[in-house]
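See structure below.
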Amino acid sequence: AQTVTQSQPEMSVQEAETVTLSCTYDTSENNYYLFWYKQPPSRQMILVIRQEAYKQQNATENRFSVNFQKAAKSFSLKISDSQLGDTAMYFCAFMKHFYKDFGNEKLTFGTGTRLTIIP
Amino acid sequence: DAGVTQSPTHLIKTRGQQVTLRCSPKSGHDTVSWYQQALGQGPQFIFQYYEEEERQRGNFPDRFSGHQFPNYSSELNVNALLLGDSALYLCASSSVRNTEAFFGQGTRLTVV
């Protein structure tokens, strides 16, 4: 079974600063995917960024980037030039590589980090 | 594109009752997964439906059941409600072999 751990329940940062959210995971799988999801007060989970474990290059999406350390089983999210709209719960999630010909694999989530951007 | 839609948005039920939650997947998606998110926790996987069959199931009792219809929409049923079933229930849709799951806004279930 996979586990995902987010050790920072809450963080806050001034607008325009950079913040890093931490995530560690445990798995015996070699092929898998890692995600960061954002959940604003509207409750809808929004995909922020995705990393394939077989790719050594860290994923980047505009102001969001990850530091993926496979051997250490670490997957942190860096938000640059933080904006008020970044205020939300952030969840790290794990998905095994799918081998079946149907459906998809489930997501295993961490407990989340509540991020507040201060004006 | 309406994205993933869930109904109702809020629901209050009494212990012992039964509830049905509904989900319409994003256009083009054929796989629907359900998650339970207790207050202050991350979502927990309940089960997944593909081609009208339950393909995977998480660690939830048989009181939790579901269905997928030919148009790929899905229902989550919970029988004999307990206070501990109070949570946000999230539906996520995806297409087969695509890792990106799109979530609905959830149904907030309160059991009193």
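These protein sequence lines are chains A and B, in that order. Just so you know, the first sequence maps onto residues 28 to 146 in my numbering. Just so you know, the second sequence maps onto residues 151 to 262 in my numbering. Here a beta-carbon is modelled for each residue, glycine too, at the ideal position from N, C-alpha and C. Just so you know, these numbers come straight off a predicted model, no measurement behind them.
When DSSP labels each residue in this structure, what does residue i get in the three-state scheme?
i, result
"B/L233", "helix"
"A/L74", "strand"
"A/G112", "helix"
"A/D53", "strand"
"B/H160", "strand"
"A/H124", "coil"
"B/T181", "strand"
"B/R207", "strand"
"A/E42", "coil"
"B/F219", "coil"
"B/E250", "coil"
Looking at the secondary structure, which residues open and close the beta strand (DSSP E) in which residue i lies?
i, result
"A/N131", "Segment: none, A/N131 is in no beta strand (DSSP E) and carries neither H nor E."
"B/N227", "S224 to V228"
"B/R213", "Per DSSP, B/R213 belongs to no beta strand (DSSP E) and is neither H nor E."
"B/V265", "Residue 265 of chain B is absent from the model: chain B starts at 151 and stops at 262."
"A/R141", "T140 to I145"
"B/F197", "Q194 to Y200"
Quick one: is the Cβ of residue i within less than 6 Å of any heavy atom of the ligand NAP?
i, result
"A/A115", "Among the components modelled here there is no ligand, and therefore nothing to report on the ligand NAP."
Mind checking whether residue i and residue j have CB atoms under 7 Å apart?
i, j, result
"B/S244", "A/N58", "no"
"B/I196", "B/Q186", "yes"
"A/F91", "A/F102", "no"
"A/P146", "A/E42", "yes"
"A/V46", "A/V40", "yes"
"A/I144", "A/L104", "no"
Given 8 Å, three or more beta-carbon pairs between the stretch 138–146 of chain A and the stretch 226–243 of chain B: no
Please confirm if the stretch 251–258 of chain B is in contact with the stretch 67–81 of chain A, defined as three or more CB-CB distances below 8 Å between the two stretches. yes
Extract the residue ranges of the beta strand (DSSP E) inside the stretch 78–107 of chain A, only unbroken runs of 3 or more that lie entirely within it. 91–96 and 101–106
Touching by the beta-carbon criterion (3+ pairs, under 8 Å), the stretch 170–186 of chain B and the stretch 108–128 of chain A: no
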